[in-house]
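Visitor: Its first residue numbered 1099, the sequence shown is counted upward by one per residue in the numbering used here.
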Amino acid sequence: QERARSGYDDYLRDMPKRMRGFNQRLAELERLVAPPGRVLDFGCAVGLFVRAAQDRGWTAAGYDRSEWAAAYGREKLGVNIQSGGSPQFDEGSFDVITLWDCIEHLPDPRGTLLKARGWLRAGGVLAVNTVNSSSLGARLAGKSWRHIMPPLHLNLFSSRSLRRLVTDTG
């Protein structure tokens, strides 16, 4: 458990900065989906985005495979986070689903996006961000690119490959 926690030390140190960023992302999403709505942050870590959404009036939930991170979020931030095995959410129950810096860590990104499609209401919004394997920095660094980091990053996407995956999974 201590090993799992140590990976979050830097993340937690930057909490105010991350909350500002998450509020900016929410403002962008609110231009697409009228708040308050229902939002799921998949791969939510300790739930900072969940907390930011909750503070802005959204009904917010999170999922993270880390039991430690989910417990921290529930206990310290007062947010709703599922953890562990396979997440369980009702069909069509979210207006927005986010995967912030998450998809590159997933062993089965296609399967996760197919599940997300089921959890998303018709006309809902899926928001994904990840590192760009076709960026100038990635091309210049080649095999030394800092985001090549197995076993943490299991999949790397270019803008084109991510767009294709999202399109192919509906």
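We treat Cβ as the ideally placed atom computed from N, Cα and C, and that holds for glycine.
Less than 9 Å separating the beta-carbons of GLY1141 and ARG1163?
Guide: The answer is yes: Cβ separation under 9 Å.
Visitor: Is there contact here, the region 1167-1181 with the region 1191-1202, by at least three beta-carbon pairs under 8 Å?
Guide: No: the two stretches stay apart, fewer than three of their Cβ pairs being nearer than 8 Å.
Visitor: Applying the 10 Å Cβ sphere with the 16-neighbour rule, what's the burial state of GLU1100?
Guide: With a pLDDT of 46 at GLU1100, under the threshold of 50, the modelled position of this residue cannot be trusted, and the question is left open.
Visitor: How about LEU1197 and THR1228: do their beta carbons lie closer than 9 Å?
Guide: Yes, they are a contact pair.
Visitor: If you compare alpha carbons, which of LYS1115, ASP1112 and ARG1136 is closest to ALA1220?
Guide: Among LYS1115, ASP1112 and ARG1136, the Cα nearest to that of ALA1220 belongs to ARG1136.
Visitor: Assuming GLY1145 and ILE1179 make a contact with CB atoms under 8 Å, what is their CB distance in whole Å?
Guide: Right, their Cβ atoms sit about 5 Å apart.
Visitor: Taking the DSSP output, what are the residues bridged to ASN1227?
Guide: BP columns for ASN1227 point to TRP1198.
Visitor: If you drop the 5 nearest sequence neighbours on each side, which residues of the same chain put their C-beta closer than 7 Å to that of ALA1225?
Guide: Closer than 7 Å at Cβ, skipping near neighbours: LEU1127, VAL1194 and THR1196.
Visitor: Exposed or buried, GLY1333, counting other C-beta atoms within 10 Å across all chains shown (16 or more means buried)?
Guide: Since the first residue shown for the chain is 1099 and the last is 1268, residue 1333 is missing from the structure and cannot be characterised.
Visitor: Taking the alpha carbon of GLY1183 as the point to measure from, which residue in ALA1169, TYR1161, ASP1199 and ARG1149 has its own alpha carbon closest?
Guide: Nearest C-alpha to GLY1183: TYR1161.
Visitor: Let me know the secondary structure DSSP gives VAL1144 once reduced to three states.
Guide: Here VAL1144 sits in coil by DSSP.
Visitor: How is ASP1153 classed by DSSP in three states: helix, strand or coil?
Guide: Note: ASP1153 maps to helix in three-state DSSP.
Visitor: Quick one, are the C-beta atoms of GLY1268 and LEU1212 less than 9 Å apart?
Guide: It is a contact, given that the beta carbons lie within the stated cut-off.
Visitor: Considering only the alpha carbon of each residue, which of PRO1205, LEU1218 and ARG1208 lies closest to GLN1186?
Guide: The shortest C-alpha separation from GLN1186 is found at LEU1218.
Visitor: Going by C-alpha to C-alpha distance, which of LYS1241, ASP1139 and PRO1249 sits closest to HIS1203?
Guide: Among LYS1241, ASP1139 and PRO1249, the Cα nearest to that of HIS1203 is on PRO1249.
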